[in-house]
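A.B. asks: In our numbering, the protein residues as written are 57 to 406.
Note that the Cβ used here is the ideal one computed from N, Cα and C, for glycine as well.
What follows is a single structure, and I will ask about it in a moment.
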């Protein structure tokens, strides 16, 4: 083959060509790093501490460099040059100076991945981690369920003589871990999540995603935990807002509500104290309920009959009509249009 004549580059042109080649190589390396690590988001990686800057730990991953920001480190952790470190990849960003790989040791999924590595049943999909809540370095709760009824998910995660859970605890600087059996029943799951406290009763408000938990008086501090830690972690784990009451507090509140409802029925229905208390004790909470419930429900109350039920419901409806008329008068006095009443959420009481 005929050889090409050598090209005579000047010194400046050669230097420029070299810079372009170096730049292209660097860009290709950045692209390779980005492509490699963006696919590893959600994984645990191992590396060596390269340096520490203002509390942030720069980690050499061998084929890339990552950062653990100070707020992603477990409290009281101190790393120095050359230390081995294990962390969770939670974000990878493409930036001008190269991909930024962000690691965390406080992320809830870091603990979940550690359990996956330690518990073969989780790795194999027999046991599923449903949720995790952490107060990094202090306490954590993890909810698990087994797809095989013959395998206890809590026991499998604890391991023989606690070997599996202790391996995770050791990596997390002694973080105490409560392993909770998950339940499809919100009430049961929340009772489990509040362990080690004992729960006497739960009342769910599913619309507001709130739950009221009643505990024996001597269990209150255990249920709440130091600085609210136990109830806070239980709330994060279950996704429910949790209000905790003692049995004494609940009894006092129920008595107060009973007195208030009895007084309401006495005034609205023009009945004596005994009838007002009977309606309240039967679970009626408003005049509307009394007015529009099936008449047989009231007639079936001990000491009541159909005539009594009919009279009580007539009085209840008359009371509601009177209240409605009073609201109409107020509305007209304020010059509010009738059309506003057709708007969803707008009531005459407003």
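So, helix, strand or coil for residue 209, using DSSP?
C.D. replies: Locating residue 209 in the chain shown gives position 153, where the first residue counts as 1. If DSSP states are grouped into helix, strand and coil, residue 209 belongs with the helices.
A.B. asks: Have a look at the DSSP bridge pairing and note the partners of residue 107.
C.D. replies: Here residue 107 is taken as the residue at index 51 of the chain shown, counted from 1. Per DSSP, 114.
A.B. asks: Are the CB atoms of residue 381 and residue 292 nearer to each other than 8 Å?
C.D. replies: The count along the chain shown starts at 1 and reaches residue 381 at position 325. The count along the chain shown starts at 1 and reaches residue 292 at position 236. No. Outside cutoff.
A.B. asks: Using the Cα positions of residue 231 and residue 192, report the straight-line distance between them to the nearest angstrom.
C.D. replies: The sequence position of residue 231 within the chain shown is 175, counting from 1. The sequence position of residue 192 within the chain shown is 136, counting from 1. Cα-Cα distance, rounded: 7 Å.
A.B. asks: Taking its Cβ as the centre, do 16 or more other Cβ atoms sit within 10 Å of residue 369, making it buried, or is it exposed?
C.D. replies: On the chain shown, position 313 is the one that residue 369 refers to. When all chains shown are included, residue 369 counts as buried.
A.B. asks: Which residues in the same chain as residue 31 place their Cβ atom closer than 7 Å to its Cβ, once the five residues preceding and following it in sequence are excluded?
C.D. replies: Any answer about residue 31 is impossible in this case: the structure gives the chain only from 57 up to 406.
A.B. asks: Can you give the beta carbon distance from residue 334 to residue 357, rounded, assuming they're within the 8 Å contact cut?
C.D. replies: The residue labelled residue 334 in the question sits at position 278 within the chain shown. The residue labelled residue 357 in the question sits at position 301 within the chain shown. Residue 334 to residue 357, Cβ: 6 Å. Contact.
A.B. asks: Could you check what DSSP says for residue 168 in three-state terms: helix, strand or coil?
C.D. replies: As a working mapping, residue 168 is identified with position 112 in the chain shown. Note: residue 168 maps to helix in three-state DSSP.
A.B. asks: Within this structure, are the beta carbons of residue 228 and residue 167 separated by less than 8 Å?
C.D. replies: Within the chain shown, residue 228 is the residue found at index 172, counting from 1. Within the chain shown, residue 167 is the residue found at index 111, counting from 1. Cβ atoms of residue 228 and residue 167: closer than 8 Å.
A.B. asks: Using three-state DSSP, classify residue 301 as helix, strand or coil.
C.D. replies: Along the chain shown, read from residue 1 onward, the residue named residue 301 stands at position 245. Residue 301: strand per DSSP, three-state reduction.
A.B. asks: What ranges does the alpha helix (DSSP H) occupy inside the region 312-398, keeping only unbroken runs of at least 4 residues that lie completely in it?
C.D. replies: Listed in chain order, the complete alpha helix (DSSP H) runs (minimum 4 residues) inside the region 312-398 are 329-337, 343-348, 351-355, 362-390.
A.B. asks: May I ask you to report which of helix, strand or coil DSSP gives residue 274?
C.D. replies: To locate residue 274, count along the chain shown from 1; it is residue 218. Reduced to three states, the DSSP call for residue 274 is helix.
A.B. asks: Would you kindly report the start and end of the unbroken beta strand (DSSP E) that includes residue 159?
C.D. replies: Locating residue 159 in the chain shown gives position 103, counting from the first residue. 156-160 is the extent of the beta strand (DSSP E) around residue 159.
A.B. asks: Give me whichever residues DSSP pairs with residue 183 in a beta bridge.
C.D. replies: The residue labelled residue 183 in the question sits at position 127 within the chain shown. According to DSSP, residue 183 bridges with 202.
A.B. asks: Alpha carbon to alpha carbon, how far is residue 250 from residue 287? Give it in angstroms, no decimals.
C.D. replies: Looking up residue 287 in the chain shown gives position 231. Looking up residue 250 in the chain shown gives position 194. For residue 287 and residue 250, the distance between alpha carbons rounds to 7 Å.
A.B. asks: Determine the direct distance from the alpha carbon of residue 76 to that of residue 69, and round the result to whole angstroms.
C.D. replies: For the purposes of this step, residue 69 is taken as residue 13 along the chain shown, with counting starting at 1. For the purposes of this step, residue 76 is taken as residue 20 along the chain shown, with counting starting at 1. Straight-line Cα distance between these residues: approximately 11 Å.
A.B. asks: Quick check on DSSP: helix, strand or coil for residue 102?
C.D. replies: Position 46 of the chain shown holds residue 102. Residue state, collapsed to three classes: strand.
A.B. asks: Indicate the three-state DSSP secondary structure (helix, strand or coil) for residue 237 in the structure shown.
C.D. replies: Here residue 237 corresponds to residue number 181 of the chain shown, with the count starting at 1. Correct three-state label for residue 237: strand.
A.B. asks: Kindly give me the distance between the Cβ atoms of residue 280 and residue 300, rounded to whole angstroms, as I take these residues to be in contact under 8 Å.
C.D. replies: In the chain shown, counting from the first residue as 1, residue 280 sits at position 224. In the chain shown, counting from the first residue as 1, residue 300 sits at position 244. Indeed they touch by this definition, with Cβ atoms about 6 Å apart.
A.B. asks: DSSP state of residue 130, grouped into three classes?
C.D. replies: What you label residue 130 is simply residue 74 of the chain shown in a count that begins at 1. In this structure, residue 130 counts as coil in the three-state DSSP scheme.
A.B. asks: Tell me the DSSP secondary structure of residue 77 in three-state form.
C.D. replies: On the chain shown, residue 77 is found 21 positions in, with the first residue counted as 1. Reduced to three states, the DSSP call for residue 77 is helix.
A.B. asks: Excluding the 5 residues flanking residue 120 on each side, which residues of the same chain have their C-beta closer than 8 Å to its C-beta?
C.D. replies: Here the question's residue 120 lines up with position 64 in the chain shown. Counting only Cβ-Cβ distances below 8 Å, and skipping sequence neighbours, we find 89, 92, 93, 155, 157.
A.B. asks: Can we say the region 159-166 touches the region 104-112, given the rule of at least three CB pairs closer than 8 Å?
C.D. replies: Judged by Cβ distances under 8 Å, the region 159-166 makes no contact with the region 104-112, as fewer than three pairs qualify.
A.B. asks: Roughly how many angstroms separate the alpha carbons of residue 282 and residue 298, rounded to a whole number?
C.D. replies: As a first step, residue 282 is located in the chain shown; it is residue number 226 there, counting from the start. As a first step, residue 298 is located in the chain shown; it is residue number 242 there, counting from the start. Approximately 16 Å between the Cα atoms of the pair.
A.B. asks: The alpha helix (DSSP H) spanning residue 246 covers which residue range?
C.D. replies: On the chain shown, position 190 is the one that residue 246 refers to. That run of the alpha helix (DSSP H) goes 242-249.
A.B. asks: Relative to the alpha-carbon of residue 241, which residue among 159, 234, 258 has its alpha-carbon at the smallest distance?
C.D. replies: Reading the chain shown from its first residue, position 185 is the one you call residue 241. Considering only alpha carbons, the answer is 258.
A.B. asks: Tell me which same chain residues have a C-beta within less than 6 Å of the C-beta of residue 184, skipping the five on either side of it?
C.D. replies: For this step, residue 184 is matched to residue 128 along the chain shown. Cβ neighbours of residue 184 beyond the five flanking positions: 201.
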